[in-house]
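*Asks:*
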Amino acid sequence: MNTDLQNVSKGLSFWTAFLAGRFVAFFCRLFRYPGTSLPGAVALKICPSMLSALAPSYEKIIAVTGTNGKTTTSNLLVHILRFSGISAASNSEGANMLSGVATALIKDCTLGGVARSPVAILEVDEGSVGGIFPSTKPGLVIVTNYFCDQMDRYGSLDHNVTLLRQSLDGLPRTALLLNADDPLVVTAGRGRSAVKHYGIKGKRLDREANGGGNTREGQHCPDCGEPLVYYYYHYGQLGDYYCPQCTFRRPTPDFLVTDVQDEDFLKFSLCFFEEEKEGEHGAVCSYKKVTRLQAPLRGFYNIYNILAASAAAITMGVSNDIIATTIQKYAPATGRMEEFLFQDRSCTLALIKNAAGVNEVMKTILRKEGEKALVIAINDMPADGRDVSWLWDADFSMLDHPSIKKIICSGRRAGDIAVRLKYAGVPLVKLVLEPGCRGSLEILGVQGAEEYFVLASYSTLYNYAKLLKKRRGR
Amino acid sequence: MKLKICHLYPDLLNLHSDQGNMLIFCRRAEWRGIQVEIDYISLPEKVHFTDYDFIFLGGGTDQGPVYKDLLEKGPFLLEAVENGSVLLSICLGYQLLGLSFKKQDGTVLPGVGIFDAYTEEVPERLQGNILLETAPDLQDEIKRLGGAPLDTLIGFENHPGRTYLGKKAQPLGRVIKGHGNNGEDKTEGARYKNALGTYLHGPLLSKNPHLADLLLTKALYRSSGDVHLDPLNDDLEIYAHNVMKKRLR
Numbered sequence: 200m201n202t203d204l205q206n207v208s209k210g211l212s213f214w215t216a217f218l219a220g221r222f223v224a225f226f227c228r229l230f231r232y233p234g235t236s237l238p239g240a241v242a243l244k245i246c247p248s249m250l251s252a253l254a255p256s257y258e259k260i261i262a263v264t265g266t267n268g269k270t271t272t273s274n275l276l277v278h279i280l281r282f283s284g285i286s287a288a289s290n291s292e293g294a295n296m297l298s299g300v301a302t303a304l305i306k307d308c309t310l311g312g313v314a315r316s317p318v319a320i321l322e323v324d325e326g327s328v329g330g331i332f333p334s335t336k337p338g339l340v341i342v343t344n345y346f347c348d349q350m351d352r353y354g355s356l357d358h359n360v361t362l363l364r365q366s367l368d369g370l371p372r373t374a375l376l377l378n379a380d381d382p383l384v385v386t387a388g389r390g391r392s393a394v395k396h397y398g399i400k401g402k403r404l405d406r407e408a409n410g411g412g413n414t415r416e417g418q419h420c421p422d423c424g425e426p427l428v429y430y431y432y433h434y435g436q437l438g439d440y441y442c443p444q445c446t447f448r449r450p451t452p453d454f455l456v457t458d459v460q461d462e463d464f465l466k467f468s469l470c471f472f473e474e475e476k477e478g479e480h481g482a483v484c485s486y487k488k489v490t491r492l493q494a495p496l497r498g499f500y501n502i503y504n505i506l507a508a509s510a511a512a513i514t515m516g517v518s519n520d521i522i523a524t525t526i527q528k529y530a531p532a533t534g535r536m537e538e539f540l541f542q543d544r545s546c547t548l549a550l551i552k553n554a555a556g557v558n559e560v561m562k563t564i565l566r567k568e569g570e571k572a573l574v575i576a577i578n579d580m581p582a583d584g585r586d587v588s589w590l591w592d593a594d595f596s597m598l599d600h601p602s603i604k605k606i607i608c609s610g611r612r613a614g615d616i617a618v619r620l621k622y623a624g625v626p627l628v629k630l631v632l633e634p635g636c637r638g639s640l641e642i643l644g645v646q647g648a649e650e651y652f653v654l655a656s657y658s659t660l661y662n663y664a665k666l667l668k669k670r671r672g673r
Numbered sequence: 003m004k005l006k007i008c009h010l011y012p013d014l015l016n017l018h019s020d021q022g023n024m025l026i027f028c029r030r031a032e033w034r035g036i037q038v039e040i041d042y043i044s045l046p047e048k049v050h051f052t053d054y055d056f057i058f059l060g061g062g063t064d065q066g067p068v069y070k071d072l073l074e075k076g077p078f079l080l081e082a083v084e085n086g087s088v089l090l091s092i093c094l095g096y097q098l099l100g101l102s103f104k105k106q107d108g109t110v111l112p113g114v115g116i117f118d119a120y121t122e123e124v125p126e127r128l129q130g131n132i133l134l135e136t137a138p139d140l141q142d143e144i145k146r147l148g149g150a151p152l153d154t155l156i157g158f159e160n161h162p163g164r165t166y167l168g169k170k171a172q173p174l175g176r177v178i179k180g181h182g183n184n185g186e187d188k189t190e191g192a193r194y195k196n197a198l199g200t201y202l203h204g205p206l207l208s209k210n211p212h213l214a215d216l217l218l219t220k221a222l223y224r225s226s227g228d229v230h231l232d233p234l235n236d237d238l239e240i241y242a243h244n245v246m247k248k249r250l251r
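Residue numbers (this note's numbering), protein chains in the order written: chain V, 200 to 673; chain Z, 3 to 251.
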């Protein structure tokens with residue numbers, strides 16, 4: 200009865216918009232157009248308050264925001280919930296602005312405008328939180344990390360944090376699940392009551408010894424401006440930090456990952472915070488070991504994604520056993536280190552969109568022995584970020600490595616990536632310029648390396664995914 | 003041959019990957035057998051700017067501490083420029099080297115005063131790829147060097163500041179596509195002696211190898227006099243330059 204009343208109050212513009220959205224979605228499917236944003240965009244044109252009308256029919260809305268890991272974290276969470284019998288609406292293809300979120304909800308609702316799924320998991324672009332949070336009122340917001348990304352849209356990192364704080368101001372009851380290892384993310388939770396943190400335990404400077412790069416954006420204390428000191432860091436500015444001048448330090452993680460084995464499969468233990476005791480050297484935290492997890496994913500950064508999704512699932516009452524079983528069965532989304540078979544060899548497709556992300560992808564690639572050939576494809580469409588200067592923040596000198604046989608530079612900014620690699624020290628004889636997607640794969644296919652990799656920016660990623668799928672099993 | 007280089011505030015002015023200019027500048031020197039020695043200077047270190055052949059100042063958002071420190075270092079920086087040091091400043095670095103900087107809230111901050119220019123910040127950012135016709139006198143100098151045969155400059159601009167040049171400042175070039183100093187008078191950047199300020203990111207020198215070599219030649223002039231640089235293979239840089247140029251034209 201309640202829903203009927205709600206429906207009446209939604210008004211004519213809502214229904215026109217909703218049906219228009221459904222209509223567009225239907226035609227998108229008919230013509231096999233992805234249609235991850237268009238239905239929502241059309242509906243929002245007609246009824247800008249669309250989201251606030253749709254959102255209340257969900258029991259729980261969980262939003263995932265931050266720079267890297269949004270798609271994988273949301274998809275993992277959807278995956279875990281599905282296996283535990285909770286269906287969830289989601290914008291799983293990474294269309295994470297207002298229109299993409301609206302599309303996901305429009306598609307999930309019945310023709311009567313009522314949610315089919317009890318839960319919605321929304322991946323939200325850092326710049327779109329102001330439009331999406333007030334209207335969807337998420338019960339839980341997960342913040343992954345803040346790295347330099349597509350600066351032409353957002354100006355600066357501090358701006359992202361401010362934007363997030365402002366959009367949460369009207370939502371005092373929203374709980375936050377924050378990455379404790381990122382000092383920038385942590386500031387988003389200040390002054391709020393329902394905040395939980397997650398983090399990864401490391402050894403002192405253990406990854407620095409392996410040549411960790413130096414992208415540490417949040418390196419200054421947000422309170423007093425003093426440079427932060429790290430007990431250890433994993434990559435970028437993520438690690439265990441404290442300010443030597445004031446009281447700012449990494450909060451004690453409520454969910455902690457320990458004993459990481461980063462090989463072909465990721466293996467690690469997930470622990471709960473139990474209590475803080477006074478020890479010989481100040482406070483000592485004790486944790487209860489919960490469960491050993493194993494995931495068919497590559498890349499250290501994916502531990503954060505699994506950790507965030509697992510922590511969210513645990514807060515929703517999902518059992519550890521279900522989490523452990525489902526994580527093991529997870530298949531990565533398009534281009535998140537997704538594996539294909541190309542010319543009878545393994546070909547991994549990876550999305551690259553900022554310096555911190557590409558550094559981690561390159562480290563993961565280089566851990567593999569054997570000769571490799573790569574395509575690096577950089578576009579500069581709005582979804583990629585029109586400014587590609589971030590390429591110069593990434594440590595491409597890693598690719599000046601004997602196991603790298605050839606690098607095919609592709610995309611609308613093929614020249615830019617080629618120039619970058621040249622100055623990174625990659626010998627010119629190893630570089631090939633081929634702006635076209637199909638052409639670059641043809642050149643890749645004749646390299647005869649043991650393993651192939653395609654690193655692509657967002658707007659060209661799906662072109663590669665399509666072509667590689669077609670060639671699968673050839 | 004050897005070049006002494008100063009990278010100013012590498013930890014604070016590090017937005018938009020402008021430090022890529024340092025890598026490009028140094029590689030182009032090293033590829034010609036010229037040694038480079040870099041000092042990274044931040045606040046509040048004391049510096050003898052006149053020791054350096056090339057000084058680099060990038061873009062960023064942190065105005066407070068950098069601004070205070072830069073005002074103290076300012077006169078020494080100016081002294082180095084008067085003595086022929088080459089100075090490259092981008093975005094915020096460029097703005098702070100002008101005569102004054104008016105913030106959005108109306109407060110006016112005095113600048114270092116190397117460039118006869120003032121900047122006003124407004125809410126709306128000027129953003130996008132930008133194409134310049136290089137200033138005619140610079141074009142002549144570049145031609146004399148040989149090297150990449152380009153008469154334009156390519157970059158990406160992203161700034162809420164509007165900069166206006168006085169009579170004593172020469173622009174870097176004339177805007178063909180994009181906004182430039184203020185989106186009105188078609189000028190971009192400012193020059194005084196061997197000091198150059200500009201809004202161009204990309205980084206600036208990545209698609210403009212001709213400008214990189216011009217700065218390199220000028221920097222070498224201080225210690226080694228007129229030097230003819232060995233030509234490099236700039237095919238990739240020229241390709242990247244021309245792809246964007248064609249798109250913008």
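Where is the CB? At the ideal position from N, CA and C, for every residue including glycine.
#1: For Z/CYS28, which three-state DSSP category applies?
#2: May I have a chain-ordered list of the alpha helix (DSSP H) segments no shorter than 4 residues that lie completely inside the segment 604-633 of chain V?
#3: Who are the near neighbours of Z/GLY175 in its chain, counting only those whose CB is closer than 6 Å to its CB and skipping five residues on each side?
#4: Taking 7 Å as the CB-CB limit, is V/VAL618 close to chain Z?
#5: Ordered along the chain, which non-local residues of its own chain (more than five positions away) have a Cβ less than 6 Å from that of V/CYS445?
#6: Could you check what DSSP says for Z/ASN256 in three-state terms: helix, strand or coil?
#7: Touch check for the segment 337-346 of chain V and the segment 505-517 of chain V: three-plus C-beta pairs under 8 Å?
#8: Which residues, taken in chain order from the segment 269-288 of chain V, show a beta carbon closer than 9 Å to some beta carbon of chain Z?
#9: From this set, V/THR373, V/LEU643 and V/TRP214, which residue's C-alpha is nearest V/ASP543's C-alpha?
#10: Under 8 Å by Cβ, that's how I've got V/LYS571 and V/ILE603 pegged, so tell me the actual separation to the nearest angstrom.
#11: Whose Cβ in chain Z lies nearer than 8 Å to the Cβ of V/LEU632?
#12: Can you name, in chain order, every residue of its own chain whose Cβ lies under 6 Å from the Cβ of V/GLU537, other than the five neighbours on each side?
#13: Just reading off the alpha helix (DSSP H) that V/GLN527 is part of, what are its end residues?
#14: Could you please tell me which residues of the segment 591-614 of chain V, in chain order, have their CB closer than 7 Å to any CB of chain Z?
#15: Please return the same chain residues whose Cβ sits closer than 8 Å to the Cβ of Z/LYS105, not counting the five positions on each side in sequence.
#16: From what residue to what residue does the beta strand (DSSP E) around V/LYS571 run?
#17: Please report the distance separating the alpha-carbon of V/LYS269 from that of V/MET597.
#18: Using 7 Å as the limit for Cβ to Cβ distance, is V/TYR657 near chain Z?
#19: Give the residues of chain V in contact with Z/PHE158, contact being defined as C-beta atoms less than 7 Å apart.
#20: Any beta carbon from chain V within less than 7 Å of Z/ILE57's own beta carbon?
#21: Run through DSSP, which three-state label would V/LYS487 get?
#22: What residues from chain V crowd round Z/LEU202, counting only those whose CB sits closer than 9 Å?
#23: With a threshold of 7 Å between beta carbons, is V/LEU376 in contact with chain Z?
#24: Does V/VAL318 pass the burial test, meaning 16 or more other C-beta atoms within 10 Å, or should it be called exposed?
#25: Taking Cβ positions, are Z/LEU264 and Z/GLU84 nearer each other than 7 Å?
#26: Drop a sphere of 10 angstroms on the beta-carbon of Z/GLY61, count the other beta-carbons inside from all chains shown, and report buried for 16 or more, exposed for fewer.
#27: Using a cut-off of 9 Å between C-beta atoms, extract the partners of Z/GLY22 located in chain V.
#28: Using the rule of at least 16 other Cβ atoms within 10 Å of the residue's Cβ for burial, across every protein chain shown, is V/LEU211 buried or exposed?
#29: Any contact of the segment 88-108 of chain Z with the segment 163-172 of chain Z, i.e. 3+ C-beta pairs under 8 Å?
#30: Is there at least one Cβ from chain V nearer than 7 Å to Z/THR49's Cβ?
#31: Rounded to whole angstroms, what is the Cα-Cα separation between Z/ILE178 and Z/THR200?
*Replies:* Here's the rundown:
#1: helix
#2: 613-622
#3: LEU134, GLU135, THR136, ALA137, LEU155 and GLU190
#4: yes
#5: ASP422 and CYS423
#6: As shown, chain Z starts at 3 and ends at 251. That puts residue 256 of chain Z outside it, with no answer to give.
#7: yes
#8: none
#9: V/LEU643
#10: 6 Å
#11: LEU238 and TYR241
#12: PRO531 and LEU548
#13: 519-527
#14: TRP591, ASP592 and GLY614
#15: LEU111 and GLU123
#16: 571-576
#17: 26 Å
#18: no
#19: ASP586 and SER588
#20: no
#21: strand
#22: Neighbours of Z/LEU202 on chain V: none; closest Cβ ~10 Å, over 9 Å.
#23: no
#24: buried
#25: This structure cannot speak to residue 264 of chain Z, because chain Z is shown only from 3 to 251.
#26: buried
#27: SER588, LEU590, TRP591, ASP592, ARG619 and TYR622
#28: exposed
#29: yes
#30: Checking the displayed sequence, the identity of residue 49 of chain Z turns out to be Val instead of Thr. Not an interface residue.
#31: 15 Å
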